[in-house]
Every structure is written in C-alpha cells, then in structure tokens.
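This report concerns only the one structure given below.
Numbering (our numbering), first residue to last: 2 to 85.
As structure tokens, then:
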C-alpha cells in the first residue's frame, strides 16, 4: 500500500453501497407506513405508532399489518389471539 487513497470505480462503489444497506437492514427494521427505522426488538414505530411486523409464535411467519384477521401462512385467526 502506498498510503494514497484508493479510488473505486462506479460498479464497486454501488456494490459496497448495496452491501451497507443490506447490513443496516439486519440491525433495524423499517416502518412500512412512514419509512422511519427502529431497532429489531421494537414492536411499534416511535414516529407514527404503527405496529411493526413481528413473528407469530405458532408458525414463525411475520404478522401482516395491523387489522389483519388471519395469519397468511398458517391461517390461524389473529384478532382473538391478540386480545388480552
């Protein structure tokens, strides 16, 4: 290494930028309503209050947005399981 800054070509820059975005998504989740980011363990968006997708315990699939009546993966009724 000569100590000089290395210049990236556009393709390499775009590849690295895409990798950074992918890595970021592993650490946070994005609200589907307002696009703000939140830590993975948060259940609700701090900006707009929307419920963030979480895994449903019976089948491990992600819950659909608030208001869904059934799990799209296993078909279990969601509304009765979320009350109380």
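Even glycine gets a Cβ: it sits at the ideal position worked out from N, Cα and C. Every value quoted in this text rests on a predicted model; they were computed, and no experiment measured them.
Taking all protein chains in view, the Cβ of residue 75 is surrounded by fewer than 16 other Cβ atoms within 10 Å, so the residue is classified as exposed. In the three-state reduction of the DSSP assignment, residue 12 falls in the helix class, which pools H, G and I. CA-CA distance, residue 31 to residue 78, rounds to 26 Å. Residue pairing of residue 31 in beta bridges, as defined by DSSP: 38.
Secondary structure at residue 7: coil, using DSSP grouped into helix, strand and coil. Linking residue 18 to residue 12 through their CA atoms gives a straight-line distance of about 10 Å.
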